[in-house]
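Start counting the sequence shown at 1; every next residue gets the next number (full-length UniProt numbering).
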Amino acid sequence: MRRSLLAGESVKSPMRKTFFILHKYAGLTLGLLLALIGLTGSLLVFDHVLDEQLAPHTVRFNPSNQPASYAEILSAAQAAVPGNPAPTRLMTQRQAGSPHVVRFPTPEGAPGPLEVSVSPTDAEVLAIRTWGTSDYTMTWLYRLHYTLLAGKNGKIVVGFMGLLLMLFCITGAVLWWPKALRAGKDRWKRAFSISRSGNRFRFYFDIHKVIGIYFLPLLLMVSFSGVALVFPVQVEAVIGSVFKLDPLPTLPGSHADTGTPISPDQAVAIGERMFPGGTLKRIYLPRDNKDSYGLTFRAAGEAWSNYGASIVRIDQYSGEVLMSQDVTEIPLGNKILRWQFPLHNGDALGIVGRWLVLLTGLTPALLFGTGTYLWWQKRRLRHGAKTRTANKPAKPGAPVNIPAEV
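See the structure below:
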């Protein structure tokens with residue numbers, strides 16, 4: 001059989017042929033959806049920075065050497081919301097020059113909670129936006145990425161697309177590996193390089209092959225972490241079967257349910273004593289008179305910058321520390337689970353990691369585009385070969401030159 005334009009090799013083993021068919025048709029039918037999820041994920045790598053560019057009024061406030069207290073921030077945000085509902089959490093400024101963001105319960109019929117951006121210096125309310133709406137662009141993109149704008153059902157679909165991406169990685173590696181072994185003395189160079197001496201078909205094939213194998217580890221990481229975020233219970237069971245995993249601690253409530261609550265600033269001061277050198281990321285406010293304060297910190301020694309995985313719960317009346325957990329001291333299985341979110345958005349690997357994750361998010365679109373081109377060109381070549389054969393009398397015993405499958 002004549003050598004194929006695609007790689008000069010035919011699919012011989014039944015397993016390899018099965019993997020090829022699975023890889024090809026799953027990619028053609030679902031690759032566009034994976035590309036959409038990947039592209040939106042790339043945009044979300046720098047979501048806070050982009051949001052501040054899209055909403056510059058949220059970062060325009062007066063400088064001050066004496067920042068506003070957390071109590072003042074919460075009070076100003078609550079006064080700005082119609083009906084004065086109780087806030088549920090405060091997310092501290094991402095960096096100097098960013099606002100604090102106070103979150104309120106989801107309004108009826110809204111896709112997400114109400115968020116109020118407040119100046120950290122004078123407690124001026126800068127913006128009131130509903131999470132997940134088109135007016136709050138980056139959160140709308142987050143909802144598109146995480147749920148396809150379809151709620152829980154869309155979230156499940158995204159989870160299964162993550163599993164599909166892992167399958168693509170495995171089948172793609174299997175299809176790439178035999179070629180590397182059979183490419184002769186320069187097998188590894190050919191397997192990891194793009195040929196510019198061949199035709200356009202070969203060039204796009206090499207793009208598809210090389211980009212896929214170079215980004216394979218990152219694609220596996222991003223897809224697994226995405227699956228972990230959508231199906232945390234199932235992934236926890238898998239991790240727990242291999243590594244030591246402590247059960248999640250029960251969130252304790254306050255011992256008393258009457259009296260004068262301590263202020264958020266007092267709760268923060270207590271939490272900071274538990275994590276010296278740590279950076280406060282979020283304040284979860286008591287939901288009722290029996291609940292406690294919850295604070296998350298980026299403790300000293302944590303690899304990420306914008307994520308706080310260490311937690312402390314504080315009695316809202318007495319200020320007693322009810323529970324504390326430093327993420328640097330928990331069992332390996334728990335650490336693996338805590339790493340999934342900052343790995344997914346690249347925060348765990350610093351600025352280099354964020355750019356790598358951004359590029360990884362673009363990869364499914366590139367693989368879908370090149371894969372579709374290869375399929376279409378080969379389909380056209382097959383159709384042309386069949387047409388020429390039908391219009392030209394074949395010589396006895398002459399073979400029909402149809403490019404082989406790869």
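Note that CB positions come from ideal geometry on N, CA and C, so glycine has one too. Just so you know, these numbers come straight off a predicted model, no measurement behind them.
Whole-angstrom distance between residue 206 and residue 245, CA atom to CA atom: Looking up residue 245 in the sequence shown gives position 245. Looking up residue 206 in the sequence shown gives position 206. Looking at the two C-alpha atoms, the distance is approximately 43 angstroms.
Which of helix, strand or coil DSSP assigns to residue 42: Residue mapping note: residue 42 aligns to position 42 of the sequence shown, counting from 1. DSSP places residue 42 in helix when its eight states are reduced to three.
Buried or exposed by the 16-neighbour rule on C-beta atoms within 10 Å, applied to residue 357: Numbered from 1 along the sequence shown, position 357 holds the residue referred to as residue 357. That one is buried.
DSSP-derived helix/strand/coil call for residue 17: Along the sequence shown, read from residue 1 onward, the residue named residue 17 stands at position 17. In the structure shown, the three-state DSSP call for residue 17 is helix.
Supposed contact pair residue 282 and residue 301 - C-beta distance, whole angstroms, cut 8 angstroms: If you number the sequence shown from 1, residue 301 lands on position 301. If you number the sequence shown from 1, residue 282 lands on position 282. With a contact defined as Cβ atoms closer than 8 angstroms, residue 301 and residue 282 miss out at about 19 angstroms.
Cβ neighbour criterion (16 or more within 10 Å) applied to residue 153: Residue 153 sits at position 153 when you count from the first residue of the sequence shown. Exposed, since its Cβ has fewer than 16 Cβ neighbours within 10 Å.
Helix, strand or coil at residue 142 according to DSSP, with G and I counted as helix: Residue mapping note: residue 142 aligns to position 142 of the sequence shown, counting from 1. In the structure shown, residue 142 adopts helical secondary structure according to DSSP, grouped into three states.
Buried or exposed (CB count within 10 angstroms, at least 16 for buried), residue 142: Start at 1 with the first residue of the sequence shown, and residue 142 comes out as number 142. Buried, because 16 or more other Cβ atoms sit within 10 Å of the Cβ of residue 142.
Rounded Cβ spacing between residue 97 and residue 45 (contact assumed at less than 8 angstroms): Indexing the sequence shown from 1 puts residue 97 at position 97. Indexing the sequence shown from 1 puts residue 45 at position 45. Between residue 97 and residue 45 a beta carbon distance of about 20 angstroms is seen, past the 8 angstroms cut, so the two are scored as non-contacting.
C-beta contact flag for residue 161 and residue 34 at 9 angstroms: Taking the first residue of the sequence shown as 1, we reach residue 161 at position 161. Taking the first residue of the sequence shown as 1, we reach residue 34 at position 34. Taking 9 angstroms as the Cβ cut-off, residue 161 and residue 34 qualify as a contacting pair.
Sequence-distant residues of the same chain with beta carbon closer than 8 angstroms to residue 251, five excluded per side: On the sequence shown, residue 251 is found 251 positions in, with the first residue counted as 1. A distance below 8 angstroms between beta-carbons, with the five flanking residues on each side excluded, links residue 251 to the following residues of its chain, in chain order: 292, 294, 313, 323.
Beta-bridge pairing of residue 128 - partner residues as DSSP gives them: Locating residue 128 in the sequence shown gives position 128, counting from the first residue. In DSSP, residue 128 forms a bridge with 116.
Strand pairing of residue 174, partner residues [DSSP]: In the sequence shown, the residue the question calls residue 174 occupies position 174. For residue 174, DSSP records no beta bridge to any residue.
Three-pair Cβ contact test at 8 angstroms for the region 260-267 versus the region 65-78: Between the region 260-267 and the region 65-78, the count of C-beta pairs closer than 8 angstroms reaches three or more; the two stretches touch.
Beta-carbon spacing of residue 74, residue 102 below 9 angstroms: Position 74 of the sequence shown, counted from the start, is the residue given in the question as residue 74. Position 102 of the sequence shown, counted from the start, is the residue given in the question as residue 102. Yes, the pair counts as a contact, with Cβ atoms nearer than the cut-off.
Residue 443 versus residue 215: straight-line alpha-carbon distance, rounded: Residue 443 is absent from the structure shown; the chain starts at 1 and stops at 406.
Check whether residue 171 and residue 22 have beta carbons under 9 angstroms apart: As a working note, residue 171 is residue 171 in the sequence shown. As a working note, residue 22 is residue 22 in the sequence shown. Going by C-beta atoms, residue 171 is nearer than 9 angstroms to residue 22.
7 angstroms Cβ shell around residue 211 - same chain, five flanking residues per side excluded: Here residue 211 corresponds to residue number 211 of the sequence shown, with the count starting at 1. Here residue 211 has 363, 366, 367 as same chain residues with Cβ atoms under 7 angstroms from its own Cβ, once five neighbours each way along the sequence are excluded.
Nonlocal neighbours in the same chain, by C-beta distance under 6 angstroms from residue 354, ignoring five residues either side: Along the sequence shown, read from residue 1 onward, the residue named residue 354 stands at position 354. Here the set comprises 45, 346.
Length of the line joining the Cα atoms of residue 276 and residue 341: Working through the sequence shown from its first residue, we reach residue 276 at position 276. Working through the sequence shown from its first residue, we reach residue 341 at position 341. It is roughly 24 angstroms from the alpha-carbon of residue 276 to the alpha-carbon of residue 341.
Distance, residue 383 Cα to residue 351 Cα: Along the sequence shown, one-based indexing puts residue 351 at 351. Along the sequence shown, one-based indexing puts residue 383 at 383. Near 49 angstroms, if we compare the C-alpha coordinates of residue 383 and residue 351.
Which listed residue (372, 80, 333) has its alpha carbon closest to that of residue 243: The residue you call residue 243 lines up with position 243 of the sequence shown. For residue 243, the nearest C-alpha among the options comes from 333.
Length of the line joining the Cα atoms of residue 6 and residue 297: Reading the sequence shown from its first residue, position 6 is the one you call residue 6. Reading the sequence shown from its first residue, position 297 is the one you call residue 297. Note on residue 6: pLDDT 41, under 50, position unreliable in the model; no value is reported.
Nearest neighbour of residue 335, chosen from 104, 13, 240 [CA to CA]: For the purposes of this step, residue 335 is taken as the residue at position 335 of the sequence shown. Looking at 104, 13, 240, the one whose alpha-carbon comes closest to that of residue 335 is 240.
9 angstroms Cβ cutoff met for residue 85 and residue 105: In the sequence shown, the residue the question calls residue 85 occupies position 85. In the sequence shown, the residue the question calls residue 105 occupies position 105. Their beta carbons are under 9 angstroms apart, which means residue 85 touches residue 105 by this criterion.
Residue 280: CB within 8 angstroms of a non-hydrogen atom of the ligand SAM: In the structure on display, the ligand SAM does not appear, and there are no ligands present to speak of.
Alpha helix (DSSP H) runs contained entirely in the UniProt domain "PepSY" (261-322), provided each spans 4 or more residues: At a cut-off of 4 residues, the continuous stretches assigned as alpha helix (DSSP H) that sit fully inside the UniProt domain "PepSY" (261-322) are 264-274.
Spatially closest choice to residue 167 from 145, 227, 112, by CA coordinates: Numbered from 1 along the sequence shown, position 167 holds the residue referred to as residue 167. The shortest Cα separation from residue 167 among 145, 227, 112 belongs to 227.
Under the three-state DSSP convention, the category residue 325 falls into: Here the question's residue 325 lines up with position 325 in the sequence shown. Three-state result, residue 325: strand.
Rounded C-alpha distance that separates residue 173 from residue 16: As a working note, residue 173 is residue 173 in the sequence shown. As a working note, residue 16 is residue 16 in the sequence shown. So the alpha carbons of these two residues sit roughly 11 angstroms apart.
Integer Cβ distance of residue 110 from residue 137, believed to fall under 8 angstroms: Counted from its first residue, the sequence shown places residue 110 at position 110. Counted from its first residue, the sequence shown places residue 137 at position 137. Cβ-Cβ separation between residue 110 and residue 137: approximately 16 angstroms, too far for a contact (criterion under 8 angstroms).
Nearest neighbour of residue 29, chosen from 372, 385, 198, 379 [CA to CA]: Translated into positions along the sequence shown, residue 29 becomes position 29. Taking only the C-alpha atoms, the option nearest residue 29 is 372.
Beta-carbon proximity list for residue 139, same chain, < 7 angstroms, skipping 5 on both sides: For this step, residue 139 is matched to residue 139 along the sequence shown. Within its own chain, the residues whose Cβ lies closer than 7 angstroms to the Cβ of residue 139, once the five positions on either side in sequence are excluded, are 112, 131, 132, listed in chain order.
Cβ-based burial, residue 145 [other Cβ within 10 Å; buried from 16]: Position 145 of the sequence shown, counting from 1, holds the residue named residue 145. Counting Cβ neighbours within 10 Å, residue 145 comes out buried, since at least 16 surround it.
Exposure label - residue 118; buried when at least 16 CB within 10 Å: As a first step, residue 118 must be located in the sequence shown, where it is residue number 118. Label assigned to residue 118: buried.
Limits of the beta strand (DSSP E) - the one that residue 104 falls within: By 1-based counting over the sequence shown, the position of residue 104 is 104. Unbroken beta strand (DSSP E) run through residue 104: 100-104.
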